[in-house]
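Notes to accompany the following structure.
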Amino acid sequence: KEVELFKTSEELIKQVKDLAGSEMESLYALTDRDQKHLKLQEILSSLTGKLVTEGSEVTESDVKSALSVVEEEILRRKILKQGLRADGRSIDEIRSIECKVGVLPRTHGSATFTRGQTQSLAVVTLGTSSDEQTIEALEGETSKHFMLHYSFPPFSVGEVKFMRGPSRRDVGHGALAEKALLPLIPSRDDFPYTMRVVSEILESNGSSSMASACAASLSLMDAGVPVKDLVAGIAIGLISKDDDYKILTDIAGAEDHYGDMDFKVAGTKKGITAIQLDTKIHGLTFEIIEETLSRAKTAREAILKQMNEAISAPRTALSEYAPKIKSFEIDPDKIGAIIGPGGKIIKRIQRENNVTVDISDETGTVSVAAQNLKDLERAVKQITNLIKDVEVGATYEVKVEKIVAFGAFCEIAPGKSGLIHVSELSEGFVKEVGEFLKVGDVINAKVIGVDPQGKIRLSLKQAKS
């Protein structure tokens, strides 16, 4: 059953046309959105004073609704009959575009994409595998290593409201932009980082989801993520009446609000990666769909050309502020040696080196992340020494843990130690071990033997020779 929608009083609409019709026609010629909004508020205030009187059943809300109907009629008629859009553009014209990358130097990657009065600031944050988003569903548990979140603060449309959690619209717009970029995102094997992009809408007048896709694509390249190509998006609109119609490229807010279609198309120079369609009419002909996709392709190529001028390939190096990550495979049977009893060893490695260590139980993949390369290399070396069998005759960098009368116990790797006997400290007579070594010293020692119980014998004098 089709539900009949609320309709504004035809008599009230006629009164509004009689009182403000000519002003509304003149208002259409104003191309500046802010000036147009202020003038519209003046007209509404004047109409309210004339029509909302004592004893009248007409409310300010009724007048506002009738004025909206008049505005819609003018916009649709001007576009259909004259091809005149509300902001003065031709029907296939894109608003002015500006692209910037590296706008926030302290972040891992950033970019702004501005199209007319719509602007998105995209910020990339790189993390480790432990930062992946875990999703629990009926089909089981999955995880995402790439996320795009969309934020639409009230100030972007000149409003003052509470900043609350994401709305359904925010979630949907973010999901669309994320899906537009997903085919270009490197796999975990090729790029062992978790990637989060946040699109902050700084101003909005139509198609902020497609601006988000463009800004996010630019910011990923700025971050040095090895994406395969740039992605651009465009929203195509429709004004129709009977068999007559006009397809509009890059619709602004009013054209989206009063139009019949919002057809968003995103993709690369090679093809489409995402489509989302809203219609207010019962259907679209194949002719309209074909023309829409053709128009979107032309617009997408024009936008990509301008985006390429800002950045055409991923940066060769990650930001100095991004974590450094190294991944390598180990025998899954050796995982226990890294973790240690109650996680003692892995916690120590992380604490002493200021790193994060993630281990996949299934594949035996170890990922080590640190803020600087020195900490990373030290932690990787400790883990490598920990899992590989000690090689007799090899020299290792060890740390003196304990001094005893008969020698010194030295750590080869966390949880793995050996003994330098007093006789292996020097060629001559050794009176006191403390004359040669102190607790905390880092020295080179040679492995000279491993007994059946796994106890390791080290030599300082042979390492020196």
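In our numbering, the protein residues as written are 113 to 577. Even for Gly, the Cβ is constructed at its ideal location relative to N, Cα and C.
Practice task
Assign L314 to one of three DSSP states: helix, strand, or coil.
Solution key: strand
Handout entry: Rounded straight-line distance, which links the Cα of R490 to that of N465
Key = 7 Å
Exercise for the section: Could I get the ranges of all uninterrupted beta strand (DSSP E) runs contained in the region 317-373, with 3 residues as the minimum, in chain order? Expected result: 344-353 and 356-361
Problem - C-beta atoms of G371 and G395 nearer than 8 Å - result: no
Problem - Three-state secondary structure (DSSP) of E413 - result: helix
Exercise for the section: Out of I186, I313, R427 and V559, state which residue places its alpha-carbon closest to the alpha-carbon of R227. Expected result: I313
Practice task
Identify every residue that forms a DSSP beta bridge with D301.
Solution key: DSSP, once it has assigned bridges, lists no residue as partnering D301.
Practice task
Have a look at E172 and T160 and give me their C-alpha separation to the nearest angstrom.
Solution key: 6 Å
Problem - Where D470 sits in the DSSP three-state scheme - result: strand
Problem - CA nearest to the CA of R427, picked from I471, V213 and A325 - result: V213
Problem - Beta-carbon gap between T361 and R300 smaller than 8 Å - result: no
Practice task
Name the two residues that bound the continuous beta strand (DSSP E) containing H630.
Solution key: For the chain, the structure presents residues 113 to 577; residue 630 sits outside this window and is missing.
Practice task
Run the CB neighbour count on Y433, radius 10 Å, all protein chains shown included, and call it buried at 16 or more, exposed below.
Solution key: exposed
Problem - Proximity test, H261 beta-carbon vs the ligand GTP heavy atom, cut-off 7 Å - result: Among the components of this structure there are no ligands whatsoever, and the ligand GTP is therefore not found.
Practice task
Between the Cα of G383 and those of L342, A422 and D390, spot the shortest distance and give me the residue it belongs to.
Solution key: L342
Problem - Limits of the unbroken beta strand (DSSP E) element including L170 - result: Residue 170 is actually Val in this sequence, not Leu. Neither: V170 is in no beta strand (DSSP E) and is coded neither H nor E.
Exercise for the section: Could you work out which residue in F548, M307, H220 and I351 is closest to I186 when comparing CA atoms only? Expected result: I351
Problem - Beta carbon of L293 nearer than 8 Å to that of L330 - result: no
Problem - Supposed close pair T240, I437 - CB separation, criterion 8 Å - result: 6 Å
Handout entry: G383 - DSSP class collapsed to helix/strand/coil
Key = coil
Exercise for the section: Please state if the CB of L537 and the CB of K573 are separated by a distance shorter than 8 Å. Expected result: yes
Practice task
Give the C-beta separation of K148 and L142 to the nearest angstrom, bearing in mind that I take them to be a contact with Cβ-Cβ under 8 Å.
Solution key: 5 Å
Practice task
Take the Cβ of D334 as the centre, count every other Cβ of all protein chains shown within 10 Å, and call the residue buried at 16 or more, exposed below.
Solution key: buried
Handout entry: Whole-Å CB distance - Q245 paired with S232, under 8 Å assumed
Key = The Cβ separation is near 21 Å, so there is no contact.
Handout entry: Helix, strand or coil at L498 according to DSSP, with G and I counted as helix
Key = helix
Practice task
Return the residue from the list I203, E205, I209 and Y140 that minimises the CA-CA distance to A422.
Solution key: I209
Exercise for the section: With distances taken Cα to Cα, identify the nearest neighbour of Y140 among S577, D199 and Y357. Expected result: D199
Practice task
With DSSP as the reference, label F398 as helix, strand or coil.
Solution key: helix
Problem - G455 - DSSP class collapsed to helix/strand/coil - result: helix
Practice task
Could you spell out where the alpha helix (DSSP H) holding R145 opens and where it closes?
Solution key: R145 to L163
Handout entry: Per-residue DSSP class, three states only, for N420
Key = helix
Problem - Identity of the residues DSSP links to S479 by a beta bridge - result: S439 and D470
Practice task
Would you identify the three-state DSSP class for M136, choosing helix, strand or coil?
Solution key: helix
Handout entry: Close Cβ partners of I482 (< 6 Å) along its chain, the five nearest in sequence each way excluded
Key = According to the sequence displayed, residue 482 carries Ala and not Ile. The answer, listed in chain order, is K436, V467 and L488.
Exercise for the section: Go ahead and label K392 buried or exposed: buried means 16 or more other beta carbons lie within 10 angstroms of its beta carbon, across all protein chains shown. Expected result: exposed
Exercise for the section: Using only alpha-carbon positions, find the residue among I568, V554, V492 and E403 that is nearest to I461. Expected result: V492
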